[in-house]
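Protein chains in written order, with the working numbering: chain A, 1 to 314; chain B, 315 to 628; chain C, 629 to 942; chain D, 943 to 1256. Here is the structure we will look at, set down as structure tokens.
Quick look at the structure:
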């Protein structure tokens, strides 16, 4: 059975028809306005209706950034779109021309599920996805099932506390993991290094046109790939925080696999090796237990579409 | 169906027949020697054989402190008994006179399962057990299923890291949660306070016969119940660490209930209120999500027997 | 001998004639522009010239926020005024009509010196001043001498690191003491509490007109004085960080007295008692050594004038 | 003027005649018993009397591990010898045959003073000594004067707190600097690595005869000099903690020089370069201030004798 997956961003939506092997057969996009939730409903439905002209689908899955109700019908709260206890599935179902189940999933869960079913985790039964982007998102798969939690808000890994009294987080707490293990943390530290020690940061500054505040993640990756010591150190620090936190997650859930997604994956082994090293160094009972693998995600931006579609047909 | 549960300690075993409502119908004990694994097999079987004289049982569950294989047949490693990749279920099955399934479970998982099925968690679907004793153990129930992990070693909550560069743990790492949230931590801090500030610790010292090194957990509880400020502060600190760590666990798993077990539960609300306060203060997205309940365990020492028996018949 | 003390702020200067007992006999003010350093020179000189019409003085001391050269002639760097290796003493000396020595001192050092000579430290020989304001400044007196350091930048206590991986500081580092022990930290935590737990912060929010972002330090003090539990807790947390850091300073310098200055002093014992408690709890070798006193500053805003004048005549 | 310096250890004393350039002209040793303080007095006097047969001296300085009164007459408390408010100078003065001043100094202060006067700090005016041995000791020189503190117990650098909730220290507190920046910390971490990751620690284990618990500091240095990655990492970690803590000390005292003493100095640049790197990375206002030098001590075990003698004649 084919299904439609919808990845709903703040200003645009991407909609695709996904087959049972996780391939996207067709895809359309729509622009949206974050403040106008009814227009988002319409844009989603419109895109679905366009695709169902040519494709037969059995379900529609909507991937939304926010807290999704455990019955997969509503978005309870979203940081970037004006949804508050919003019955998104029902609203979209009313506007689409086909009569198929419509379900909502958290976008990080959807992306993680795509990796689990069709990507780096396809051979695994117990997997943790860590999406290292602006923040640190995740998904948890236990015994082949996605863990949504009692109220649908599980896998908020970025808000596990890793440093008491640590960096303030946008969530209002201190020391959240995503303040140390995210692309934003990488860029923050890179800019800081460039200001405090410009000589060491010469290479990074050149790539950024001379301005510390213009340094972005890809500059760090590029400099690291050229062997720049500061950039390598920045990636190693990021990797260390990812790996050390992963070891705490493993103490709780004993997964067989961690999948690292997000833009920083472009750094490849320059990131992955420090992650693995820190994971091993911190893993409780190392030597008395098998160790989880740590791999890069295989899907990119389309993971949300694929995962939402696949979850919808289950 | 009745089942037998066996709680295997370092120097003794407790064995009981458990009915489907979690009641123990009969119970026997045996002394054992930690170094002699064959004698432990025999003691277990002997106790089971005694009980099956008068009770019909359909399964036997063995609760062992250690890493249990995910197929529930073997103990991979145990800290206090000389089991190394030891096929405990098979060895015991050969020695018992009834022909029923024999399974091994981690003891903290068994105790947590007893709470989930017949105790504080009986109405829950998603529960975390935190057993605050010498160390900090736990059990994880997701969507009514016990989470054992890929290799059987999930729920080692005590070894999640909560302080980078923090207290050394017996496990060889720094900053493990159990170094802050355990009876041992409580006693360590109480003794330290008594040495550094004997005037503040006068009440505690009196209860302990004047010797700081003799202060034990129940002294702290007793002093706190009598209103002693230092003892109250020690319990509040313990509670804070439990609650703050629980908030990190909740970020990952979104449970509906935490159950706090172990001897410190004797302190009741003097412990529980600080736990809840810290949990709320640290919980990510407070106000946008329901909050998990935090309650004391209802079962005491017999939880291992009850949980092992119940898991064996599943 | 009387001396003039000048307290140079970003937008105004306060100038006073100070007698040998630390009293201000006359005082004038001038508005200034932070970007125009020559105009600041002229404003200082103009005020001095006005005062020397009626008062005979033997020295002029200039208190400046910034790094002052150890020979007390120049400001090497200032955060708020455009001084860079600026020969401030010479420039002012050229413009004043009396022929007396002109020296520059760091403003926190000047304020600390005023406390040492004429305030809470007048009976002490070894004193640490901690000025808990927007940031955390200080002054160090060892054996009756102000410690300026090799290059004039000693006593930057606010930038001692107290939490590895802690809050980012404006200085570019993590975990600086002033991120935990300053009025800014108090307000930050109060606002955060008001957002995360509005019910607990009801009293604070009322005082601030209902808006978390309007909460200021005096609101916390006022609420605490009325017995509000959250406000008391916020002051206790601030006090704990001050006291714990002071214990580290004491390990290094073994002073007989800490003097706490800055606006938070308005909270009196509500701040001071937690400071002392934390200091005792953290002090190394408590019981084998006398303990430093911890007292509030006696001088207010005029401490800079008094201290600069007195340092100038030495 | 020549002077005698006495270095009083737990089980032996070393006594030397020191000339004005810091050279030891003659030296004798005596065995002692830590429990019998009178016998220590006699052993000191006996050794002094032997040396004064052939050398004319003007003063005697006694270097003692412990808290020394600020008037340099008594040991208030010592961890390893049974001195409690013990008038050591007077007792020794009564037993020596020459009539010269006898003074007591803290041993770390004496060693630091030797470096300041005749060693790595001979050209400096403001110096911090950090002695990285079993613990972390130190000495503080401000403007050419030794800082003893109000009650004689300054420069206990090892008990500045660097990690809240960090490793327990023998002093009873958590997170003391010496738990991270000492030879003991190096060995602890090396042994731990050897237990947790024996493959990585193969080289270290070989040097220690195969037993993790036999790993000692010199093994780490030797392995590092042979290029062993784990040993290099262990030294880098030690160096990082030294350097980061030194930056906090510099924020307070702005010294021109740090001198690193103790056995770990044998590692040379393998330790020193990480110290300097971490110092720079953590130093507040880097770029707006000169940076202190960080050098190895030049004196070895005899620094206590030399420093005590020189302090006695001042």
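Even for Gly, the Cβ is constructed at its ideal location relative to N, Cα and C. Nothing here was measured: the structure is a model prediction, and the numbers come from that model.
Exercise. Evaluate residue 929 (chain C) with the Cβ neighbour count: other Cβ atoms within 10 Å of its Cβ, from every protein chain shown; 16 or more gives buried, anything less gives exposed.
Key: Working through the third chain from its first residue, we reach residue 929 (chain C) at position 301. Exposed, because fewer than 16 other Cβ atoms sit within 10 Å of the Cβ of residue 929 (chain C).
Self-check item: CA nearest to the CA of residue 539 (chain B), picked from B:557, B:524, B:518, B:558
Solution: In the second chain, the residue the question calls residue 539 (chain B) occupies position 225. When only C-alpha atoms are compared, the closest one is B:518.
Self-check item: Coil, strand or helix - residue 234 (chain A) by DSSP
Solution: Position 234 of the first chain, counting from 1, holds the residue named residue 234 (chain A). Residue 234 (chain A) falls in the helix class under three-state DSSP.
Quiz item: Beta-carbon of residue 543 (chain B) versus every beta-carbon of chain C: anything under 8 Å?
Solution: The sequence position of residue 543 (chain B) within the second chain is 229, counting from 1. So, not an interface residue.
Quiz item: Touch check for the stretch 568-578 of chain B and the stretch 149-156 of chain A: three-plus C-beta pairs under 8 Å?
Solution: yes
Practice problem: Just the C-alpha distance for residue 178 (chain A) and residue 63 (chain A), rounded to the nearest angstrom, thanks. | Solution: Locating residue 178 (chain A) in the first chain gives position 178, counting from the first residue. Locating residue 63 (chain A) in the first chain gives position 63, counting from the first residue. The straight-line gap from Cα to Cα measures roughly 21 Å.
Quiz item: residue 534 (chain B) by DSSP, collapsed to three states: which one?
Solution: Here residue 534 (chain B) is taken as the residue at index 220 of the second chain, counted from 1. Here residue 534 (chain B) sits in helix by DSSP.
Practice problem: Would you kindly report the start and end of the unbroken beta strand (DSSP E) that includes residue 906 (chain D)? | Solution: Summary: the structure shown does not reach residue 906 (chain D), with chain D confined to residues 943 through 1256, and so no result is reported for it.
Quiz item: residue 991 (chain D): which of D:1042, D:1068, D:963 sits nearest, CA to CA?
Solution: Mapped onto the fourth chain, residue 991 (chain D) falls at position 49. The shortest Cα separation from residue 991 (chain D) among D:1042, D:1068, D:963 belongs to D:1042.
Exercise. Anything in chain C within Cβ reach of residue 478 (chain B), meaning under 8 Å, just list it in chain order.
Key: Taking the second chain and counting its residues from 1, the one referred to as residue 478 (chain B) is at position 164. Ordered by position in chain C, the residues that pass the 8 Å Cβ test against residue 478 (chain B) are 792, 793.
Exercise. Locate the alpha helix (DSSP H) running through residue 306 (chain A), then write down its first and last residues.
Key: Within the first chain, the letter at position 306 stands for residue 306 (chain A). From DSSP, the alpha helix (DSSP H) with residue 306 (chain A) extends over 303-312.
Quiz item: Between residue 346 (chain B) and the rest of its own chain, which residues show a CB-CB distance below 7 Å, the 5 nearest in sequence each way excluded?
Solution: Residue numbering aside, residue 346 (chain B) sits at position 32 when the second chain is read from its first letter. Correct list, in chain order: 325, 326, 327, 353, 354, 357.
Quiz item: Do residue 1162 (chain D) and residue 1184 (chain D) have their C-beta atoms closer together than 8 Å?
Solution: Here residue 1162 (chain D) refers to the residue found at position 220 when the fourth chain is read from its first residue. Here residue 1184 (chain D) refers to the residue found at position 242 when the fourth chain is read from its first residue. For residue 1162 (chain D) and residue 1184 (chain D), no; Cβs fall outside 8 Å.
Quiz item: Contact between the stretch 1200-1220 of chain D and the stretch 1027-1046 of chain D: three or more CB pairs below 8 Å?
Solution: In short, these stretches do not touch, since the Cβ pair count stays below three.
Quiz item: Using the beta-carbon of each residue, which ones in chain A are nearer than 9 Å to residue 1228 (chain D)?
Solution: Position 286 of the fourth chain, counted from the start, is the residue given in the question as residue 1228 (chain D). Simply 196, 197.
Quiz item: Straight-line CA distance for residue 235 (chain A) to residue 1220 (chain D)?
Solution: Looking up residue 235 (chain A) in the first chain gives position 235. Looking up residue 1220 (chain D) in the fourth chain gives position 278. Those two C-alpha atoms are separated by around 18 Å.
Quiz item: When the cut-off is 8 Å and only beta carbons count, does residue 263 (chain A) lie next to chain C?
Solution: The residue you call residue 263 (chain A) lines up with position 263 of the first chain. So, not an interface residue.
Quiz item: Where do the ends of the alpha helix (DSSP H) carrying residue 593 (chain B) lie?
Solution: Residue numbering aside, residue 593 (chain B) sits at position 279 when the second chain is read from its first letter. Segment 583-596, the alpha helix (DSSP H) holding residue 593 (chain B).
Quiz item: Taking just the CA atoms, how far does residue 1115 (chain D) sit from residue 482 (chain B)?
Solution: In the second chain, residue 482 (chain B) corresponds to position 168, counting from 1. In the fourth chain, residue 1115 (chain D) corresponds to position 173, counting from 1. Residue 482 (chain B) and residue 1115 (chain D): Cα-Cα distance of roughly 14 Å.
Practice problem: Sort B:455, B:393, B:396 by Cα distance to residue 423 (chain B) and report the nearest one. | Solution: Start at 1 with the first residue of the second chain, and residue 423 (chain B) comes out as number 109. The residue with the shortest Cα to Cα distance from residue 423 (chain B) is B:455.
Quiz item: According to the Cβ coordinates, are residue 674 (chain C) and residue 658 (chain C) closer than 8 Å?
Solution: As a position in the third chain, residue 674 (chain C) is number 46, starting the count at 1. As a position in the third chain, residue 658 (chain C) is number 30, starting the count at 1. Contact flag set, yes.
Practice problem: Pick out whichever of A:198, A:79, A:98 has its Cα sitting closest to the Cα of residue 213 (chain A). | Solution: By one-based count along the first chain, residue 213 (chain A) stands at place 213. Minimum Cα distance to residue 213 (chain A) is reached at A:198.
Quiz item: Checking contacts by CB at 8 Å: is residue 547 (chain B) closer than that to chain A?
Solution: Working through the second chain from its first residue, we reach residue 547 (chain B) at position 233. Not one chain A Cβ lies under 8 Å of residue 547 (chain B).
Quiz item: To the nearest angstrom, how far is it from the Cα of residue 311 (chain A) to the Cα of residue 79 (chain A)?
Solution: Residue mapping note: residue 311 (chain A) aligns to position 311 of the first chain, counting from 1. Residue mapping note: residue 79 (chain A) aligns to position 79 of the first chain, counting from 1. Cα to Cα, residue 311 (chain A) sits roughly 23 Å from residue 79 (chain A).
Quiz item: When burial is assigned at 16 or more other CB atoms within 10 Å of the CB, is residue 70 (chain A) buried or exposed?
Solution: Translated into positions along the first chain, residue 70 (chain A) becomes position 70. Residue 70 (chain A) is buried by the Cβ-count criterion.
Quiz item: What's the C-alpha gap between residue 926 (chain D) and residue 418 (chain B)?
Solution: In the structure as shown, chain D begins at 943 and stops at 1256. Residue 926 (chain D) is therefore absent and cannot be evaluated.
Quiz item: Does DSSP put residue 734 (chain C) in a helix, in a strand, or in coil?
Solution: Reading the third chain from its first residue, position 106 is the one you call residue 734 (chain C). Three-state result, residue 734 (chain C): strand.
Quiz item: With a CB to CB cut of under 7 Å and the five nearest residues on each side skipped, what residues in its chain are close to residue 1055 (chain D)?
Solution: Position 113 of the fourth chain, counted from the first residue, corresponds to residue 1055 (chain D). The residues are 1081, 1088, 1249, 1252, 1253.
Exercise. Would you please verify whether the beta carbon of residue 1077 (chain D) is less than 8 Å from any beta carbon of chain B?
Key: The residue labelled residue 1077 (chain D) in the question sits at position 135 within the fourth chain. Judged by the 8 Å Cβ criterion, residue 1077 (chain D) is not in contact with chain B.
Quiz item: So is residue 627 (chain B) in contact with chain A if we call contact Cβ pairs under 8 Å?
Solution: The count along the second chain starts at 1 and reaches residue 627 (chain B) at position 313. Cβ-Cβ to chain A under 8 Å: no for residue 627 (chain B).
Exercise. With distances taken Cα to Cα, identify the nearest neighbour of residue 963 (chain D) among D:969, D:1059, D:1032, D:1003.
Key: One-based indexing of the fourth chain puts residue 963 (chain D) at position 21. Minimum Cα distance to residue 963 (chain D) is reached at D:1059.
Quiz item: Start and end of the beta strand (DSSP E) containing residue 657 (chain C)?
Solution: Here the question's residue 657 (chain C) lines up with position 29 in the third chain. Per DSSP, residue 657 (chain C) belongs to the beta strand (DSSP E) from 652-659.
Quiz prompt | Delimiting residues of the alpha helix (DSSP H) encompassing residue 1149 (chain D) | solution = Taking the fourth chain and counting its residues from 1, the one referred to as residue 1149 (chain D) is at position 207. Residues 1144-1149.
Quiz item: Between the C-alpha atoms of residue 633 (chain C) and residue 477 (chain B), what's the straight-line distance to the nearest angstrom?
Solution: The sequence position of residue 633 (chain C) within the third chain is 5, counting from 1. The sequence position of residue 477 (chain B) within the second chain is 163, counting from 1. One C-alpha to the other measures close to 48 Å.
Quiz item: In chain D, which residues lie less than 7 Å from residue 482 (chain B) when you measure between Cβ atoms?
Solution: The count along the second chain starts at 1 and reaches residue 482 (chain B) at position 168. Per Cβ cutoff of 7 Å: 1109.
Quiz item: Under 8 Å between C-beta atoms, does residue 995 (chain D) make it to chain B?
Solution: Locating residue 995 (chain D) in the fourth chain gives position 53, counting from the first residue. Residue-level contact by beta carbon fails for residue 995 (chain D) and chain B, as no gap is shorter than 8 Å.
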